[in-house]
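Numbering (my numbering), first residue to last: 371 to 766. Working notes, beginning with the structure itself.
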């Protein structure tokens, strides 16, 4: 899970210096500004790259250098790429990049930004304007954000909040989809192997079903706890990740949770997982094989997908009617409520009602699953219709 979250960011960084040649056919001074801007773009503006030895090694070549020779150097990996600054760059506004890999977004961005800075500076100078003064006048205004809570102000930014909400929602969906199937498969296997007939003769079906749900859920939660410990360990090394791999601090900050929020999320996770484990157990109790149950699995997971469709609405208006309803409805609350918590404080009464609703729904579904399980044993091998399942619940 950690790899899924971090690899897209880490993969775009590089731990080596890129070799770039510049064919300088542009007006005097453009190539100098381009090379300086390219060096700055590799790190922060005005600073060296965060990792020593990374960035760009810029080589200036004569304007009449044969391009075939540069192509040969690229093919033999003596160069990573070369840039052609044409004489009409100030009017055409175009720069040519030649490389074996033209899909590297980092290189494309750096070359575009550096060339833009060089051309704009030369145009301003030609107009009698000081590029440095213009740059200072055009400096953007940054917005410093802080969340107001009952205990005071808490730091944070919009990107890390959105990232945290997305990660929490994805993890909840992923875990329930994976381990819910395990609960269903366990129930079906007992029916197919006729072990359930022996068990039901000594234990009430409802208690047997509750024990199965809790047992499989405990094993799943243990493994998830190990993953959580790994995430905490990764978050504790935020300085190393930032310096070594260039992972943004906002991404690392998203892994840091307030202990109180962490406890609420843990409770939501456990209760929500038990609720869906009961749903999958009920599905397994009504089916005779995994193939027969497969088309219905996505139906059970649809309520978890709904909050993901409203991710923008929930993070933009965490106290709005859509976010509040999805956070209170038992089948969507396991995903929607963590997203609300990531965006803004949620009243304790709503959290308590959501947990109580999920516990009540899970208990009722587990009771129904036990009834279906008891009656379904006698119909093993037969495909049950919805009307038959309703009749089993009423008769049991």
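Note that the Cβ used here is the ideal one computed from N, Cα and C, for glycine as well. Values in this document were obtained by computation on a predicted structure and should not be read as measured data.
- Under the 8 Å Cβ criterion, the stretch 644-661 counts as touching the stretch 720-735, having at least three qualifying pairs.
- Counting only residues of its own chain and dropping the five nearest sequence neighbours on each side, residue 490 has a CB closer than 8 Å to the CB of 501.
- Restricting attention to 402, 698, 398 and 667, the CA atom closest to the CA of residue 549 is found in 667.
- Residue pairing from DSSP places residue 454 in a beta bridge opposite 393 and 466.
- DSSP places residue 574 outside both helix and strand once states are collapsed to three, so it counts as coil.
- Leaving aside the five residues that flank residue 759 on each side, the residues in its chain whose CB is nearer than 7 Å to its CB run, in chain order, 656 and 742.
- Taken atom to atom, the span from the alpha-carbon of residue 541 to that of residue 601 is near 12 Å.
- Under the three-state reduction of DSSP output, residue 444 falls in the helix class.
- Distances from the alpha-carbon of residue 701 to those of 676, 472, 556 and 560 put 676 closest.
- Burial state of residue 499 is exposed, judged by a 10 Å Cβ sphere holding fewer than 16 other Cβ atoms.
- Taking the CA atoms as reference points, residue 445 sits about 15 Å from residue 436.
- In this structure, the CA atom of residue 505 is about 49 Å from the CA atom of residue 720.
- In this structure residue 736 touches residue 583 by the C-beta definition: roughly 6 Å separates them, less than 8 Å.
- The residue among 400, 733, 395 and 761 with its C-alpha nearest the C-alpha of residue 577 is 733.
- Note on residue 572: under 16 other CB atoms within 10 angstroms of its CB, so exposed under the neighbour-count rule.
- Here residue 629 is exposed, its C-beta having fewer than 16 other C-beta atoms within 10 Å.
- A residue is called buried once 16 or more other Cβ atoms fall within 10 Å of its Cβ, and residue 709 is buried on that count.
- In the DSSP assignment, residue 705 falls within the alpha helix (DSSP H) that extends over 703-713.
- Per DSSP, the continuous alpha helix (DSSP H) segment holding residue 493 begins and ends at 475-496.
- In this structure, residue 470 sits away from residue 452, with a CB-CB distance that is not shorter than 7 Å.
- Between residue 711 and the set 684, 658 and 695, the nearest pair of CA atoms involves 684.
- DSSP places residue 506 outside any beta strand (DSSP E); the residue lies instead in the alpha helix (DSSP H), whose first and last residues are 501-507.
- Around the beta carbon of residue 388, a 10 Å sphere encloses 16 or more other beta carbons of the protein chains shown; the residue is thus reported as buried.
- Taking residue 488 as reference, the option from 557, 476, 687 and 400 with the minimal CA-CA separation is 400.
- Residue pairing for residue 387: DSSP places it in a beta bridge opposite 425.
- Exposed is the label assigned to residue 509, since fewer than 16 other Cβ atoms lie within 10 Å of its Cβ.
- It is roughly 19 Å from the alpha-carbon of residue 479 to the alpha-carbon of residue 456.
- Under the three-state reduction of DSSP, residue 564 is assigned to coil, being neither helix nor strand.
- For the 7 Å CB-CB criterion, residue 724 and residue 682 do not form a contact.
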